[in-house]
Amino acid sequence: MTGHNPGMNVTGHTRRSVSIRDVATAAGVSYQTVSRVINDHPSVKPSTRERVLAAIDELGFRRNSTALALASGRSRAVTVLTSNTTHYGYASVLQGIEEAARAASYTVGIGVLESADGADEADVAAQVQRSADAGGGLIVIAYDPAGVRALGAVPAELPVVGVVETPASPPGDDRPWVWADDREAAYKATRHLLSLGHETVHYVAIPSSTRRTSARTTGWQQALKEAGAPQPRPLQGSWGPAGGHAAGLKLAGNPDVTAILCGNDDLALGVIRALHETGRAIPGDVSVAGFDDAPHSAYLTPSLTTVRLDFTGLGRSAFALLHGVLEESAQIAPHPVSVPELIVRESSGPPPERG
Numbered sequence: 005m006t007g008h009n010p011g012m013n014v015t016g017h018t019r020r021s022v023s024i025r026d027v028a029t030a031a032g033v034s035y036q037t038v039s040r041v042i043n044d045h046p047s048v049k050p051s052t053r054e055r056v057l058a059a060i061d062e063l064g065f066r067r068n069s070t071a072l073a074l075a076s077g078r079s080r081a082v083t084v085l086t087s088n089t090t091h092y093g094y095a096s097v098l099q100g101i102e103e104a105a106r107a108a109s110y111t112v113g114i115g116v117l118e119s120a121d122g123a124d125e126a127d128v129a130a131q132v133q134r135s136a137d138a139g140g141g142l143i144v145i146a147y148d149p150a151g152v153r154a155l156g157a158v159p160a161e162l163p164v165v166g167v168v169e170t171p172a173s174p175p176g177d178d179r180p181w182v183w184a185d186d187r188e189a190a191y192k193a194t195r196h197l198l199s200l201g202h203e204t205v206h207y208v209a210i211p212s213s214t215r216r217t218s219a220r221t222t223g224w225q226q227a228l229k230e231a232g233a234p235q236p237r238p239l240q241g242s243w244g245p246a247g248g249h250a251a252g253l254k255l256a257g258n259p260d261v262t263a264i265l266c267g268n269d270d271l272a273l274g275v276i277r278a279l280h281e282t283g284r285a286i287p288g289d290v291s292v293a294g295f296d297d298a299p300h301s302a303y304l305t306p307s308l309t310t311v312r313l314d315f316t317g318l319g320r321s322a323f324a325l326l327h328g329v330l331e332e333s334a335q336i337a338p339h340p341v342s343v344p345e346l347i348v349r350e351s352s353g354p355p356p357e358r359g
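Structure (structure tokens):
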């Protein structure tokens with residue numbers, strides 16, 4: 005039999021303990037009321053207090069020090085868990101979180117996870133627990149498998165917001181996630197290249213957080229399908245220019261390749277170098293488009309056509325979502341942040357004329 009499993013958390017992992025929200029549901033009150041009961045707040049009616057305490061006993065809710073600090077509002081700190089602090093998207097999200105937290109007089113700690121392939125679930129869970137023990141809420145940047153595992157390992161009683169890839173389908177209201185619309189961004193970039201007259205667009209992909217088809221890949225495929233264009237197999241890159249360079253060398257040898265979309269601007273940098281080395285002009289022979297509008301993209305030769313995503317705004321929104329929970333002023337809810345903007349520069353143009 006299938007159905008909702010109350011023992012599962014927002015990412016499908018088994019919960020380690022009963023949360024304040026579980027108690028609230030069982031008692032028929034808000035989680036803020038449960039917090040007040042835990043801290044012996046005088047504003048709670050005796051009958052309500054008894055009902056909440058009965059639910060706590062029945063469910064076996066464990067009132068640890070972290071939960072008590074959060075419930076009482078004494079903690080004004082957040083920890084960001086991420087596997088990377090240097091790549092443009094990650095770093096910009098961190099910048100936005102720090103800016104918003106500073107404005108709210110919160111401190112920010114950063115916990116660096118092991119790389120996506122170098123940590124097992126036990127290691128990730130241990131790092132999450134260390135962050136939880138520090139008090140305050142968590143923001144997890146889940147752009148890779150390590151981040152996804154960390155998001156699933158967060159104790160159920162601890163407020164957490166996930167900065168995630170675009171979900172494959174709209175998440176439920178119990179999933180405290182924010183994201184940029186990667187699917188729409190890739191769709192716009194691909195449509196732009198097709199509109200210039202290219203028969204199809206090749207794609208160099210960044211790694212996906214869950215090893216499924218990423219939202220960027222899906223947006224690229226959708227644009228090709230709607231145009232009735234051939235759908236070449238995407239090449240798997242990495243996060244940096246070296247991966248783009250390797251993919252670019254493979255594509256450069258095919259004269260039918262006239263347009264390439266890259267999963268980020270660093271990949272595009274490597275692709276451009278590979279095309280230059282093999283004597284293919286940009287955009288005369290091949291058009292190249294990137295993703296993210298990293299600061300260097302406007303200063304390449306040629307300057308890079310790309311899709312701008314507001315990662316800094318995404319970080320600010322992630323903190324705002326968590327801040328509302330910590331201050332008991334807002335309910336958490338999933339939502340996308342910002343609309344991607346196509347930035348057309350010198351690296352894209354019509355395909356070469358066929359002789």
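Residue numbers (my numbering): 5 to 359.
Beta carbons are placed, not taken as given, at the ideal position from N, Cα and C, and that holds for glycine.
Bear in mind the structure is a predicted one, so any value in this text is a computation, not a measurement.
For aspartate 127, the closest alpha carbon among the candidates Gly156, Asp185 and Ser23 is that of Gly156. Of the residues assessed, glycine 248 falls on the buried side of the cut-off, its CB having 16 or more other CB atoms within 10 angstroms. With contacts defined as CB atoms closer than 8 angstroms, leucine 200 and alanine 231 fail to qualify as a contacting pair. At the C-beta level, isoleucine 210 and glycine 257 stay beyond 8 angstroms of one another. Boundaries of the alpha helix (DSSP H) around alanine 104: 92-107. Judged by pairs of C-beta atoms under 8 angstroms, the segment 317-325 does not touch the segment 288-305, as fewer than three such pairs exist.
Per DSSP, the continuous alpha helix (DSSP H) segment holding glycine 252 begins and ends at 245-256. Proline 306 and threonine 222 have their alpha carbons spaced roughly 27 angstroms apart. For valine 348, the CB contacts under 6 angstroms within the same chain, skipping 5 residues up- and downstream, are Thr309 in chain order. Taking the C-beta atoms as reference points, valine 329 is found nearer than 8 angstroms to proline 163. With a cutoff of 8 angstroms on beta-carbon distance, tyrosine 94 and threonine 86 are scored as near each other. Of the candidates Asp270, Pro245, Ser301 and Trp224, Trp224 places its Cα closest to the Cα of alanine 263.
Here valine 275 has Val208, Gly248, His249, Ala251, Gly252, Leu255, Ile264, Cys266 and Val292 as same chain residues with Cβ atoms under 8 angstroms from its own Cβ, once five neighbours each way along the sequence are excluded. Remark: C-beta atoms of valine 158 and valine 132 approach each other more closely than 8 angstroms.
Rounded to the nearest whole angstrom, the CA to CA distance from glycine 100 to valine 116 is 17 angstroms.
Around the CB of serine 352, 16 or more other CB atoms lie within 10 Å, so the residue is classed as buried. Annotated three-state conformation of arginine 80 is coil, per DSSP.
In this structure, DSSP gives threonine 221 a helical state, which the three-state scheme calls helix.
In this structure, the straight-line span from the alpha carbon of valine 168 to that of threonine 204 is close to 29 angstroms. In the DSSP assignment, glycine 166 falls within the beta strand (DSSP E) that extends over 164-168. If you draw a 10 Å sphere on the C-beta of threonine 194, you find 16 or more other C-beta atoms in it, and that means buried. Per DSSP, tyrosine 35 is one residue of the alpha helix (DSSP H) stretching across 35-42. Excluding its 5 nearest sequence neighbours in each direction, asparagine 268 has C-beta neighbours in its own chain below 6 angstroms: Ile210, Phe295 and Asp296, listed in chain order. Rounded to the nearest angstrom, the gap between the Cα atoms of arginine 179 and glutamate 331 is 19 angstroms.
Excluding sequence positions up to five before and after alanine 278, its CB lies within less than 6 angstroms of the CB of His249, Gly252, Leu253 and Ala256, all in the same chain and listed in chain order. Collapsing the DSSP output to three states places aspartate 148 in coil. Residues of the same chain with a CB within less than 6 angstroms of the CB of valine 38, apart from the 5 flanking positions on each side, are Ile24, Val27, Ala28 and Val56 in chain order.
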